[in-house]
Ligand SMILES: Nc1nc2c(ncn2[C@@H]2O[C@H](COP(=O)(O)OP(=O)(O)OP(=O)(O)O)[C@@H](O)[C@H]2O)c(=O)[nH]1
Ligand SMILES: [Mg+2]
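Next up, the structure:
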């Protein structure tokens, strides 16, 4: 089954929690902290391979979750690392972020590998928090949650030359005579329902004195394909990567002339993608073994030459003219590649489309006000909050101090509060603070007093003492 686009969910493994443990052994006084770190969560990768042709592996399974890291343990024992997941995809798969539509990766060559979701870091064990003045830290970090996202996968076959034309023009027949491919061929439109690939060999490419290229045959196009008539534009994505198109025309189509067919298909190509319509084309009239085709030939030749296209007449079935056509296509392909190299060389470096890597400083954060709530977003602050064990007084205090150091509190000159999961905090000034993954403040909002939390230990002792823990949120 040919399956060429899908949407999947990936979630990397969470980091394991750090351990809070003290060395306790007989005859060993003053043991001190010995809680080890959590292991890193497994990451998710994509890798391109030639052994797959479709994305059918992702048809029935669309959720992939990597293992979490193991928790740290006594005696500074490190938690186990979560197993990575490597998802195999066929060469030519374009991976996009489903929300932003940004291209995450375009895997063209076999063996190319990319990480799409990073596993969370393991939390630090309490052994890391011991200092000369604080020798019995009762805090350990939680593991960082693994990245998660929805991705769309789209397969675009990697071919050098594409075959386009009306159904029944003989595209599959041509592919079958010039390559070793065996596509289905029959005397009715839409025989081909999924794209086929074949390798055209000219000379003896394997021994070094010849060339070869990949030829793609896609289902036939008809007028109105842009509106979804016939099989629509569905498969045109597979010839987007080609450098050259062979436009095959049916020499014996009833009540249509080959040149009209040519113009109609080009209209459809333009409708789909301007750039695709601009691609160099070779005009080819097929079925020259039949008298009708021979009749059409002079007129088509005149039109095509006037428009500046190279034009060929062939009979795919009789294999007449096919070798010359393929030899020309191979030469033209070489020229196009050469032109591309020259164009790239003559372009100033700044104009070249090389990938731009934008380092994002870990410390940066933004504060925005959304519906009366201050929302803080930033990699480091979010990680800090996620990795803090909200049950631990010392952990919460450390978070408070770090957030202040990072400058979050200064940014809006409001008292800082935070909320994690089912808790709400409110400052004595009546400010209520919420946090759900981001740190969020909400000003002057009343809260149901009846949901008072029983655990008010933070109130007096902690750096967050100016906050009351007053209720649950959601
Ligand atoms: N006489 C003659 N018949 C041909 C020639 N090339 C193809 N045909 C016939 O045309 C019919 C359609 O050929 P296909 O190769 O299936 O056409 P296609 O363009 O792939 O059609 P779709 O897959 O439906 O888009 C078949 O019956 C072929 O035998 C040719 O050169 N001469
Ligand atoms: Mg076909």
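Residue numbers (our numbering): 296 to 769.
Glycine included, each C-beta is placed from N, C-alpha and C at the ideal position.
These figures come from a predicted structure and were not determined experimentally.
For the putative contact between residue 369 and residue 314, defined by C-beta atoms under 8 Å, what is the C-beta separation to the nearest angstrom?
The C-beta distance from residue 369 to residue 314 rounds to 7 Å, short enough to meet the 8 Å contact threshold.
From the DSSP output, read off the bridge partner residues of residue 592.
Beta-bridge pairing links residue 592 to no other residue.
Going by other Cβ atoms of all chains shown within 10 Å of its Cβ, with 16 needed for buried, is residue 693 buried or exposed?
buried
Length of the line joining the Cα atoms of residue 329 and residue 318:
Roughly 6 Å between the two C-alpha positions.
Given residue 378, which residues of its chain have a CB within under 6 Å of its CB, disregarding the five upstream and five downstream residues?
337, 362
Name the two residues that bound the continuous alpha helix (DSSP H) containing residue 674.
Element bounds for residue 674: 674–682.
Compute the minimum distance between the beta carbon of residue 467 and the heavy atoms of ligand 1, and state whether it is under 7 Å.
Checking every heavy atom of ligand 1 against the Cβ of residue 467, one is found closer than 7 Å.
Could you check the C-alpha separation between residue 678 and residue 452 for me, to the nearest Å?
Cα atoms of residue 678 and residue 452: separation of roughly 39 Å, rounded to the nearest angstrom.
Who are the near neighbours of residue 614 in its chain, counting only those whose CB is closer than 6 Å to its CB and skipping five residues on each side?
Taking C-beta separations shorter than 6 Å and ignoring five residues to either side along the sequence, the partners of residue 614 in its chain run 472, following chain order.
Compare the beta carbon distance of residue 441 and residue 682 with 8 Å and say whether it is the shorter of the two.
Against a cut-off of 8 Å, the Cβ pair of residue 682 and residue 441 comes out as no contact.
Within this structure, are the beta carbons of residue 511 and residue 537 separated by less than 8 Å?
yes
Buried or exposed: which applies to residue 585, given that a residue is buried once 16 or more other Cβ atoms fall within 10 Å of its Cβ?
exposed
Using 8 Å as the cut-off, can you tell me whether the segment 583–603 makes contact with the segment 542–558, which would need three or more C-beta pairs spanning the two stretches below that distance?
yes
Check the C-beta distance from residue 276 over to residue 407 and give it rounded, since I have them as a contact under 8 Å.
Lying outside 296 to 769, the shown extent of the chain, residue 276 is not represented and no answer is given.
Could you pull the start and end residues of the alpha helix (DSSP H) that residue 264 belongs to?
In the structure displayed, the chain extends from 296 to 769; residue 264 sits before or after that span and is not available.
Between residue 302 and residue 412, is the Cβ-Cβ spacing less than 8 Å?
no
Looking only at its own chain, which residues have a Cβ that is under 6 Å from the Cβ of residue 660, when we skip the five neighbours before and after it?
Taken in chain order, the residues that qualify are 671, 673, 676.
So, using beta-carbon positions, are residue 560 and residue 620 closer together than 8 Å?
no
Just verifying my parser: in three-state terms, what is the DSSP assignment at residue 372?
strand
Beta-carbon contacts of residue 781 that lie in its chain and below 6 Å, excluding the five residues immediately before and after
Limits of the chain in this structure are 296 at one end and 769 at the other, which puts residue 781 out of reach.
Ligand 2 heavy atoms versus the CB of residue 345: any closer than 7 Å?
no
In angstroms with no decimal places, state the Cα-to-Cα distance between residue 641 and residue 456.
25 Å
Work out the CA separation of residue 542 and residue 465 for me, nearest whole Å.
11 Å
Between residue 545 and ligand 2, is there a pair consisting of the residue's CB and a ligand heavy atom that are separated by less than 7 Å?
For residue 545, the distance from the CB to the nearest heavy atom of ligand 2 is not below 7 Å.
In terms of residues, what are the limits of the alpha helix (DSSP H) holding residue 637?
617–641
So what does DSSP say about residue 598, is it helix, strand or coil?
helix
Per-residue DSSP class, three states only, for residue 477
coil
Closer than 7 Å: residue 480 CB and nearest ligand 1 heavy atom:
yes
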